[in-house]
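Student:
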Amino acid sequence: MDETLSSLGISGPELRMLPGNRDVQLARANLMQQLYSKGLPTRRIESWHYTDLRSRLKPPPQQMPASAGATDLPPLIAGSIVLRTNDSILDGVAGMAGISVRNYRDALADGSAAAGLVARDADDAVGRLNGALVDGGVTVEVSPGTRLETPLELQMNGSSHSRCKIAVQAGAKATVIERHVAPDEDDARFVTAVSELHVGRGADVTWIILQQQSFSDSYLGQMTFVLDQEAILRLLVLNVGGKLVRQEVYGRQVGEGAKLILSGINLLSGAAHTDVTISLEHEAVGTASTITMRNVVFDSASGVFQGGIKVAPGAQKTDARMACNTLLLSNEGDFSAKPELEIFADDVQCGHGATVADIDHMQVHYLMTRGIPRHKARSLLIKGFLSELLVPIEDERIATALDRITGAWLARQD
Amino acid sequence: MLEIRNLHARIAEDGTEIIRGLDLTVKAGEVAAIMGPNGSGKSTLSYILSGRDGYEVTAGNILYNGESILDHDAAERAAMGIFLAFQYPVEIPGVATMQFLKVALDEQRKARGEEEMTTPAFMQFVRETVARLKIDMQMLKRPLNVGFSGGEKKRAEILQMALLEPKLCVLDETDSGLDIDALKIVAEGVNALRSPDRAVIVITHYQRLLDYIVPDTVHVLYKGRIIRSGDKTLAHELEANGYADVIADAA
Numbered sequence: 001m002d003e004t005l006s007s008l009g010i011s012g013p014e015l016r017m018l019p020g021n022r023d024v025q026l027a028r029a030n031l032m033q034q035l036y037s038k039g040l041p042t043r044r045i046e047s048w049h050y051t052d053l054r055s056r057l058k059p060p061p062q063q064m065p066a067s068a069g070a071t072d073l074p075p076l077i078a079g080s081i082v083l084r085t086n087d088s089i090l091d092g093v094a095g096m097a098g099i100s101v102r103n104y105r106d107a108l109a110d111g112s113a114a115a116g117l118v119a120r121d122a123d124d125a126v127g128r129l130n131g132a133l134v135d136g137g138v139t140v141e142v143s144p145g146t147r148l149e150t151p152l153e154l155q156m157n158g159s160s161h162s163r164c165k166i167a168v169q170a171g172a173k174a175t176v177i178e179r180h181v182a183p184d185e186d187d188a189r190f191v192t193a194v195s196e197l198h199v200g201r202g203a204d205v206t207w208i209i210l211q212q213q214s215f216s217d218s219y220l221g222q223m224t225f226v227l228d229q230e231a232i233l234r235l236l237v238l239n240v241g242g243k244l245v246r247q248e249v250y251g252r253q254v255g256e257g258a259k260l261i262l263s264g265i266n267l268l269s270g271a272a273h274t275d276v277t278i279s280l281e282h283e284a285v286g287t288a289s290t291i292t293m294r295n296v297v298f299d300s301a302s303g304v305f306q307g308g309i310k311v312a313p314g315a316q317k318t319d320a321r322m323a324c325n326t327l328l329l330s331n332e333g334d335f336s337a338k339p340e341l342e343i344f345a346d347d348v349q350c351g352h353g354a355t356v357a358d359i360d361h362m363q364v365h366y367l368m369t370r371g372i373p374r375h376k377a378r379s380l381l382i383k384g385f386l387s388e389l390l391v392p393i394e395d396e397r398i399a400t401a402l403d404r405i406t407g408a409w410l411a412r413q414d
Numbered sequence: 001m002l003e004i005r006n007l008h009a010r011i012a013e014d015g016t017e018i019i020r021g022l023d024l025t026v027k028a029g030e031v032a033a034i035m036g037p038n039g040s041g042k043s044t045l046s047y048i049l050s051g052r053d054g055y056e057v058t059a060g061n062i063l064y065n066g067e068s069i070l071d072h073d074a075a076e077r078a079a080m081g082i083f084l085a086f087q088y089p090v091e092i093p094g095v096a097t098m099q100f101l102k103v104a105l106d107e108q109r110k111a112r113g114e115e116e117m118t119t120p121a122f123m124q125f126v127r128e129t130v131a132r133l134k135i136d137m138q139m140l141k142r143p144l145n146v147g148f149s150g151g152e153k154k155r156a157e158i159l160q161m162a163l164l165e166p167k168l169c170v171l172d173e174t175d176s177g178l179d180i181d182a183l184k185i186v187a188e189g190v191n192a193l194r195s196p197d198r199a200v201i202v203i204t205h206y207q208r209l210l211d212y213i214v215p216d217t218v219h220v221l222y223k224g225r226i227i228r229s230g231d232k233t234l235a236h237e238l239e240a241n242g243y244a245d246v247i248a249d250a251a
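Chains as they are written, first to last, in the numbering used here: chain A, 1 to 414; chain B, 1 to 251.
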């Protein structure tokens, strides 16, 4: 146990090599101490029941230095503002109106990051691991009323453990692509990412977490968001890689009329294990949320979806919908779905549903009678199953790029 | 063009024999109507022709241009030129109709070793055909058959047939669920495809469709066999007197 933690780089001398002033060092040491005293979570911890982190998290043979193999990727969408979690971070945004960016390493150096380096609750292994090891990130503020026409792309390939904090203020509009790409396929990496989003009153944000780690990587992600009055967040989580993946999303809809459209696509193959755990709190009147997960499971892969929705007393007229649909294409694969509703208001509409099925054979037959060979018919149907979730993305270039990524992944499964 | 010889076929799962010694010959250029009461095996015949899983041919053969098709799957049969217009077209969520049409046409051409049609040529071809069948181009942006009305689904079937240009068209109860205006449009679409090198099999319950798609031959299917064949007057006879007389004659 302690060996796992120390080989992940969680030891006093190693943490002291990481950036940060005295307060930050102290915060790292605190988190380390909590990790050692509790140990990594096992399935006996409820929120980790389907992902036993203690047995699944294998330290890579040698942790690659953050910068090894890291290259500046061209952005997913040409013309995007690219923010890298290394030193070239400020290129391209200096002097831009309506947006200010700060390197998180500066916040570590001056100690202003220290207050944020705490666990969110007793079982917050992702926050602790990331907080102890964090070595880069960005802080972005989009000022009130600014409507960014080009996407902001956060590239994490310059650091192994990143923290990003984004505030999109009242009436502003932004699209953020949080992109996790392995610099190469061969080295096993341990990567964590924590991001925090605040969507101000009437602001409109599209956020895409595109996780394309290599098939030997362990990735632990955590996103936290707060939506103010009449704010809109379209959040798409796309897992197309990784051997061990846990993506947590903690959301709060604190302002009246705030709206969330959360979609998740999990493409699983090989021996991958991917866990998406969502906890959403409706705290104000007239808030709406739609959570839709679409999963495709090949080989002996396993997937998990935990979706918890809480409706606070007084959050009347809440409209919350949750669905988890899985195409299970192998007898060795599995998928577990655990939806949970906790409702403390009496005038709400909440619903959830989960399905697990193979591809519909009549649909395959119909396509075949039009001359489409069986394997092509199947992949067309799988793409169709996924493409419905790309519809809420307004920017067609992004939808097309994501469609291409899922298509390329499917093509590799033949 | 099509020769069905002493065909016996059953449902694989429970072994129920549906087709029991069926013989039928359809020549190039011919429009053949297959009529019969409920449960006579009409739809099963269309499934077997199209190569649907779950049915077993236990005896006999189906020859298409002299070659047995029994060892070819549905996609191969389609590329060979056999098309089935479904009684109940299947909804395909998430796949835009236009995208599907392009993929189907490309795959058939590829299977036959022909060049892919360029996108502009394809679009032109679609636009012309759509106009002829009075289909709204907007419909092609929607997922295939999803939320289409009964009439739209049948028109979409005929559109596919017109674009894929098969040599043997099998229409399974294409008239079901159509009002008279839609029926006329569908019939016009089929009639436009009539040609000396193409055969059409119209499977139907009622004479009505045959007023618009006038058959060369009419065959009565009962208990998995053709019990009587004739020309178009046979359909009128059936309409007037029902199937009872024909069945009694055959017994």
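We put the CB at the ideal spot given by N, CA and C, even for glycine.
Taking the alpha-carbon of His273(A) as reference, which of Gln222(A), Phe335(A), Arg22(A) has the nearest alpha-carbon?
Tutor: Sequence index remark: in the first sequence, residue 273(A) carries index 273 (1-based). Out of Gln222(A), Phe335(A), Arg22(A), Phe335(A) has the C-alpha closest to the C-alpha of His273(A).
Student: State yes or no: is the C-beta of Cys164(A) within less than 9 Å of the C-beta of Leu148(A)?
Tutor: Here residue 164(A) refers to the residue found at position 164 of the first sequence. Here residue 148(A) refers to the residue found at position 148 of the first sequence. No. Outside cutoff.
Student: Answer yes or no: do Leu126(A) and Gln222(A) have a C-beta to C-beta separation smaller than 9 Å?
Tutor: For this step, residue 126(A) is matched to residue 126 along the first sequence. For this step, residue 222(A) is matched to residue 222 along the first sequence. Note on residue identity: the sequence assigns Val, not Leu, to residue 126(A). Against a cut-off of 9 Å, the Cβ pair of Gln222(A) and Val126(A) comes out as a contact.
Student: List the endpoints of the continuous alpha helix (DSSP H) containing Gly384(A).
Tutor: Against the first sequence, residue 384(A) aligns to sequence position 384. 374-387 is the span of the alpha helix (DSSP H), which, as asked, contains Gly384(A).
Student: Relative to the C-alpha of Ile62(B), which residue among Leu140(B), Leu183(B), Leu49(B), Ala162(B) is closest?
Tutor: As a working mapping, residue 62(B) is identified with position 62 in the second sequence. Of Leu140(B), Leu183(B), Leu49(B), Ala162(B), the residue nearest in Cα terms is Leu49(B).
Student: Name the residues in the segment 52-68 of chain B whose C-beta lies less than 9 Å from a C-beta of chain A; which are they?
Tutor: Flagged, chain order: Arg52, Asp53, Gly54.
Student: CA-CA distance, Ala79(B) and Asp299(A)?
Tutor: Working through the second sequence from its first residue, we reach residue 79(B) at position 79. Working through the first sequence from its first residue, we reach residue 299(A) at position 299. So the two alpha carbons sit approximately 31 Å from each other.
Student: Using a Cβ-Cβ cut-off of 6 Å (strictly less than) and excluding sequence neighbours within five positions of Tyr250(A), which residues of its own chain qualify?
Tutor: Looking up residue 250(A) in the first sequence gives position 250. Taken in chain order, the residues that qualify are Thr224, Ser279.
Student: I'd like the list of long-range same chain contacts for Asp179(B), defined as Cβ closer than 8 Å, with 5 residues on each side in sequence excluded.
Tutor: As a first step, residue 179(B) is located in the second sequence; it is residue number 179 there, counting from the start. Contacts found: Gly151.
Student: For the alpha helix (DSSP H) containing Thr58(B), list its first residue and its last residue.
Tutor: As a working note, residue 58(B) is residue 58 in the second sequence. Note, Thr58(B): premise wrong, no alpha helix (DSSP H); beta strand (DSSP E) at 55-64.
Student: Determine the closest residue to Ala107(A) out of Thr139(A), Met17(A), Ala354(A), with distance taken between C-alpha atoms.
Tutor: Along the first sequence, read from residue 1 onward, the residue named residue 107(A) stands at position 107. For Ala107(A), the nearest C-alpha among the options comes from Thr139(A).
Student: To test your reading of the DSSP string, which unbroken alpha helix (DSSP H) runs of 4 or more residues are found completely within the segment 95-173 of chain A?
Tutor: Segments of the alpha helix (DSSP H) lying fully in the segment 95-173 of chain A: 104-110, 125-133.
Student: For the segment 91-107 of chain B, which residues have a beta carbon sitting closer than 7 Å to at least one beta carbon of chain A?
Tutor: Against chain A - using a Cβ distance shorter than 7 Å - the residues of the segment 91-107 of chain B are Ile92, Pro93, Gly94, Val95, Val103, Ala104, Glu107.
Student: Would the C-beta of Ser43(B) count as close to the ligand ATP, meaning under 8 Å from any of its heavy atoms?
Tutor: Among the ligands in the structure shown, none appear at all, so the ligand ATP cannot be discussed.
Student: Under 9 Å, do Asn145(B) and Ile226(B) count as touching if we go by C-beta distance?
Tutor: Start at 1 with the first residue of the second sequence, and residue 145(B) comes out as number 145. Start at 1 with the first residue of the second sequence, and residue 226(B) comes out as number 226. Their beta carbons are not under 9 Å apart, which means Asn145(B) does not touch Ile226(B) by this criterion.
Student: Would you kindly report the start and end of the unbroken alpha helix (DSSP H) that includes Met80(B)?
Tutor: As a position in the second sequence, residue 80(B) is number 80, starting the count at 1. Run containing Met80(B): 74-80, per the alpha helix (DSSP H) assignment.
Student: At a cut of 8 Å, does the segment 192-205 of chain B reach the segment 33-43 of chain B through at least three beta carbon pairs?
Tutor: The segment 192-205 of chain B, when compared against the segment 33-43 of chain B, does touch it at the 8 Å Cβ threshold.
Student: Under 9 Å between C-beta atoms, does Phe305(A) make it to chain B?
Tutor: To locate residue 305(A), count along the first sequence from 1; it is residue 305. Phe305(A) does not count as touching chain B.
Student: Could you tell me whether any Cβ in chain A is nearer than 9 Å to the Cβ of Leu252(B)?
Tutor: The question about residue 252(B) has no answer here: the residues shown for chain B are numbered 1 through 251.
Student: Which residues mark the beginning and the end of the alpha helix (DSSP H) in which Leu252(B) is found?
Tutor: Any answer about residue 252(B) is impossible in this case: the structure gives chain B only from 1 up to 251.
Student: If we ignore side chains and look at the alpha-carbon of each, how far apart do Leu244(A) and Ser55(A) end up?
Tutor: As a position in the first sequence, residue 244(A) is number 244, starting the count at 1. As a position in the first sequence, residue 55(A) is number 55, starting the count at 1. In a straight line, the C-alpha of Leu244(A) is about 11 Å away from that of Ser55(A).
Student: Would Ile158(B) and Val190(B) be called neighbours here (beta carbons separated by less than 9 Å)?
Tutor: In the second sequence, the residue the question calls residue 158(B) occupies position 158. In the second sequence, the residue the question calls residue 190(B) occupies position 190. For Ile158(B) and Val190(B), yes; Cβs fall inside 9 Å.
Student: Restricting to Cα atoms, I'd like to know which of Gln211(A), Val176(A), Arg201(A), Val205(A) is closest to Ala193(A).
Tutor: Here residue 193(A) is taken as the residue at index 193 of the first sequence, counted from 1. The option with the nearest alpha carbon to Ala193(A) is Gln211(A).
Student: Pull up the DSSP beta-bridge partners for Asp136(B), would you.
Tutor: Position 136 of the second sequence holds residue 136(B). Bridge partners of Asp136(B): none, in fact.
Student: In three-state terms, what does DSSP make of Ser7(A)?
Tutor: For the purposes of this step, residue 7(A) is taken as residue 7 along the first sequence, with counting starting at 1. In this structure, Ser7(A) counts as helix in the three-state DSSP scheme.
Student: Could you round the C-beta distance between His282(A) and Ala312(A) to whole angstroms and report it? I think they count as a contact, below 8 Å.
Tutor: Sequence index remark: in the first sequence, residue 282(A) carries index 282 (1-based). Sequence index remark: in the first sequence, residue 312(A) carries index 312 (1-based). Their Cβ separation, rounded to whole angstroms, is 6 Å, which keeps His282(A) and Ala312(A) in contact under 8 Å.
Student: Taking C-alpha atoms, which residue in Phe215(A), His365(A), Leu233(A), Met17(A) lies nearest to Pro392(A)?
Tutor: Taking the first residue of the first sequence as position 1, residue 392(A) is located at position 392. It is Leu233(A) whose Cα lies nearest to the Cα of Pro392(A).
Student: Name, please, each residue of chain B whose Cβ falls closer than 7 Å to the Cβ of Pro373(A).
Tutor: Here residue 373(A) corresponds to residue number 373 of the first sequence, with the count starting at 1. Near Pro373(A) (Cβ distances below 7 Å), the residues of chain B are Ala75, Glu107.
Student: Tell whether a beta-carbon distance below 9 Å holds between Thr277(A) and Ala320(A).
Tutor: Along the first sequence, one-based indexing puts residue 277(A) at 277. Along the first sequence, one-based indexing puts residue 320(A) at 320. No; because the gap between Cβ atoms is not below 9 Å, this pair is not in contact.
Student: Consider the Cβ of Ala192(B): report whether some Cβ of chain A lies at a distance smaller than 9 Å.
Tutor: The residue given as residue 192(B) occupies position 192 in the second sequence. Taking Cβ atoms only, chain A never reaches closer than 9 Å to Ala192(B), which makes this a no.
Student: Name the DSSP beta bridge partners of Arg281(B), please?
Tutor: Shown here, chain B extends from 1 to 251; a query on residue 281(B) therefore has no answer.
Student: Kindly give me the distance between the Cβ atoms of Ala174(A) and Val205(A), rounded to whole angstroms, as I take these residues to be in contact under 8 Å.
Tutor: If you number the first sequence from 1, residue 174(A) lands on position 174. If you number the first sequence from 1, residue 205(A) lands on position 205. Contact holds; Cβ gap of about 6 Å.
Student: Leu129(A) and Leu35(A) look like a contact to me (Cβ under 8 Å); what is the Cβ gap, rounded to whole Å?
Tutor: Working through the first sequence from its first residue, we reach residue 129(A) at position 129. Working through the first sequence from its first residue, we reach residue 35(A) at position 35. Right, the Cβ-Cβ distance comes to about 7 Å (below 8 Å), so this counts as a contact.
Student: For the segment 207-218 of chain B against the segment 1-11 of chain B, do three or more pairs of beta-carbon atoms, one drawn from each stretch, fall closer than 8 Å, so that the two count as touching?
Tutor: The segment 207-218 of chain B vs the segment 1-11 of chain B: no contact.
Student: Quick one: list the residues of chain B neighbouring Ser387(A), beta-carbon separation under 7 Å, in chain order.
Tutor: As a first step, residue 387(A) is located in the first sequence; it is residue number 387 there, counting from the start. Ordered by position in chain B, the residues that pass the 7 Å Cβ test against Ser387(A) are Gly94.
Student: Report the CB separation of Ile372(A) from Ala85(B) in whole angstroms; it is logged as a contact under 8 Å.
Tutor: Residue 372(A) sits at position 372 when you count from the first residue of the first sequence. Residue 85(B) sits at position 85 when you count from the first residue of the second sequence. Going by Cβ atoms, the distance from Ile372(A) to Ala85(B) rounds to 16 Å, so no, they are not a contact pair.
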